[in-house]
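K.L.:
Here it is, the structure, as structure tokens.
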Amino acid sequence: MGVPKRQTITPKGRFRWIVHLFPLPALVIYAMFVVYPIFSAFTYSLYEWNGIKQGVFVGLKNFLTLFSVEPFNTMFWNAFGHNVIYFLVEMIVQNGIAFALAFFIYRKLRGSGFLKVAYFMPRLLSVIVVGFLWKLILNPNYGALNTLFTNLGLGSWAKPWLGDPDTALLAIILVNCWFGIGFAMLIFLAGLQSIPEELIEAARLDGAKGISMLVKIILPLCMPAITIMTIFTFIQAFEAFELVYAMQGSMGEPFRSTDTLAVYFYRLAFSSAGGGDVAIGLGSALAVVLFAIVASVSALSLYLMRKREVQH
């Protein structure tokens, strides 16, 4: 007797089109909450509009105002500089520590399994919760950090971390690094675990070890994960809003020292806290500029990564 053939059920005839309907709900949601707002921002950026009265078409005036009219241009470049600092500190501190932790876990040293879970725990918290938690810790009067310094006899180190323009931005960025290390560690760990063991063994037989192994073998092979994390860090840094808002509000206090482009956008488009009118058109122009910065840098990074993969 022959072996009976396995029957498979495939859509045929007039029912085949039903398969194409399954991704439709996700596409509709994506179009509503991502595609439509992007095109709306482009449209609103060409109008002078406060969200209530009839908008007046002004062409590129909002963009010219953003870059050449005081105080808008000063606040834009001030916030842009803070976003750049945000990105650089996150790249060095967050991603540097995350890669070191991922390498530690990759080598399967004792306790690495527990540490993998422990380092990711902050990521499970809401950003707003993290912001208020660290705002309490950094409080100059009863905060845990200043209390610890005082009890250790290091009272001179205690200071108003969020009230000093010299330390406020750095304090927020370091809190964000603490929050994001776990996610970055998992990305780097996935990159390390994708390296074939045969290549590592071959490198060991050729005499590579320690720093030489890390620099010449592991880092180049882990470059796709590093590139992806760099892009993610850039996007996160230039969209920094929730943590800054939770810890310092929408004014970028003290003295605009913690202002970012996303916070500045919120202040322009949705808030009159600064004493001026809500300017949705001007805020939309800022959103378009921010989108262009993030999209262009991300696209360039992906292009360079793919070009490098083709060359190798």
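Quick note: the sequence shown uses full-length UniProt numbering, first residue 1, plus one each step.
Glycine included, C-beta positions come from ideal geometry on N, C-alpha and C.
(1) For L302 and L290, I'd like the C-alpha separation in whole angstroms.
(2) Pick out whichever of P140, Y106, F72 has its Cα sitting closest to the Cα of I195.
(3) Excluding the five sequence neighbours on either side, which residues of its own chain have a C-beta within less than 7 Å of the C-beta of I293, listed in chain order?
(4) Assign A299 to one of three DSSP states: helix, strand, or coil.
(5) Three or more C-beta pairs under 8 Å: does that hold for the stretch 237-257 against the stretch 80-88?
(6) In the DSSP assignment, find the unbroken alpha helix (DSSP H) run with C177 in it and report its ends.
(7) When you compare only the Cα positions, how much space is there between V297 and F42?
(8) Pull up the distance between the alpha-carbon of Y142 and that of Y30, whole angstroms please.
(9) Spatial neighbours of K159 within its chain, please: CB distance less than 8 Å, with the 5 preceding and 5 following residues excluded, ordered by chain position.
(10) Going by C-alpha distance, which of N78, G55, S68 is nearest T260?
(11) Grouping DSSP H, G and I as helix and E and B as strand, with all else coil, what is G275?
(12) If you count every other CB in all the chains shown that lies within 10 Å of the CB of N151, and 16 or more means buried, which is it?
(13) When you compare only the Cα positions, how much space is there between V130 and L174?
(14) Across which residues does DSSP place V56 in a beta bridge pair?
(15) Using only the alpha-carbon positions, how far apart do F241 and A203 sit?
(16) In chain order, what residues of the same chain have a beta carbon less than 7 Å from the beta carbon of G59, not counting five sequence neighbours either side?
(17) Using the beta-carbon count (16 or more within 10 Å), is W157 buried or exposed?
(18) Which residues in the same chain have their Cβ closer than 6 Å to the Cβ of S284, if we skip the five residues on either side of it in sequence?
(19) Pick out whichever of E201, F234, F22 has its Cα sitting closest to the Cα of Q94.
(20) Work out the CA separation of A171 and D164 for me, nearest whole Å.
(21) By how many angstroms is the C-alpha of F179 removed from the C-alpha of V127?
(22) Measuring alpha carbon to alpha carbon, tell me which of I137, A269, R306, M305 ends up nearest V288.
(23) Distance check for G51 and A88, CA to CA, integer angstroms please.
(24) May I have the straight-line CA-CA distance separating L133 from F114, to the nearest angstrom?
(25) For G275, which residues in the same chain have their Cβ closer than 8 Å to its Cβ, ignoring the five residues on either side in sequence?
(26) Closest by CA to W161, which one among L169, L154, G155?
P.N.:
So, from the data block:
(1) 18 Å
(2) Y106
(3) F238
(4) helix
(5) yes
(6) 168-193
(7) 19 Å
(8) 45 Å
(9) P140, N146, T167
(10) N78
(11) Unreliable placement is indicated for G275, whose pLDDT of 47 sits below 50; the coordinate value is still reported in the next sentence. Coil, per DSSP.
(12) exposed
(13) 12 Å
(14) E48
(15) 45 Å
(16) L46
(17) exposed
(18) A41, Y44, S45
(19) F234
(20) 10 Å
(21) 8 Å
(22) A269
(23) Before going on, a small fix: residue 88 reads as Leu here, not Ala. The straight-line gap from Cα to Cα measures roughly 36 Å.
(24) 24 Å
(25) Residue confidence is low: G275 scores 47 on pLDDT, short of 50, so the model does not pin down where it sits. Its coordinate-derived value is still stated next. No residues qualify anywhere along the chain.
(26) L169
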